[in-house]
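Numbers 684 to 794, taken from the numbering used here, label the letters of the sequence shown in order.
Backbone N, C-alpha and C fix where the C-beta goes; we use that ideal spot for every residue, glycine too.
Remember, it's a predicted structure, so these values are computed and weren't measured experimentally.
Below: the structure, in structure tokens.
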Amino acid sequence: MSSTKIRQLKTIYSLEERKVSIELLNYTKLNQQYQEAELQYKQLIDYRKEYYQYVSVENEQKFQAATLQTYYRFIDKLNHAIQEQAQKVRGAKSMASEGFKLYLKAKQKAE
């Protein structure tokens with residue numbers, strides 16, 4: 684094989700390795716976003732649980748009706764936020780999965 688061909692192959696290999704690195708970096712970023720979204724979702728769930736405990740049947744008698752309505756409206760908003768965050772988690776998970784597939788594809792092509 685001529686030295687020109689060897690240099691060309693090295694250049695192609697270097698470009699493929701760079702593509703693999705870029706895809707791995709992209710996947711890492713997407714996976715981090717997924718993990719952060721999942722953490723926020725779990726925090727919202729925990730917050731709702733704590734809030735429900737605060738406004739439990741035992742404490743319900745201590746609140747005035749207007750205050751209780753305010754608490755329940757907030758819980759409704761919190762439930763809505765949880766649903767939205769669950770959608771974000773699903774989207775982030777899907778994107779991370781797709782990023783991983785692209786990384787594997789680039790890695791296989793480089794090998």
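Environment of residue i [buried if 16+ CB atoms lie within 10 Å]
{"i": "A720", "result": "buried"}
{"i": "G782", "result": "buried"}
{"i": "Y755", "result": "exposed"}
{"i": "A748", "result": "exposed"}
{"i": "E820", "result": "Residue 820 lies beyond the range of the chain shown here (684 to 794); nothing can be said about it."}
{"i": "Y696", "result": "exposed"}
{"i": "Y724", "result": "buried"}
{"i": "Y786", "result": "buried"}
Limits of the unbroken alpha helix (DSSP H) element including residue i
{"i": "E781", "result": "748-793"}
{"i": "Q718", "result": "686-737"}
Own chain, CB closer than 8 Å to residue i, minus 5 neighbours either side, in chain order
{"i": "E699", "result": "A789, K792, A793"}
{"i": "A779", "result": "Y710, L713, N714, Q716, Y717"}
{"i": "A769", "result": "Y724"}
{"i": "I765", "result": "Y724, L727, I728, R731"}
Residues of its chain near residue i, where Cβ-Cβ distance is below 6 Å and the 5 sequence neighbours each way are ignored
{"i": "V703", "result": "A789, K790, A793"}
{"i": "K712", "result": "none"}
{"i": "K771", "result": "A720"}
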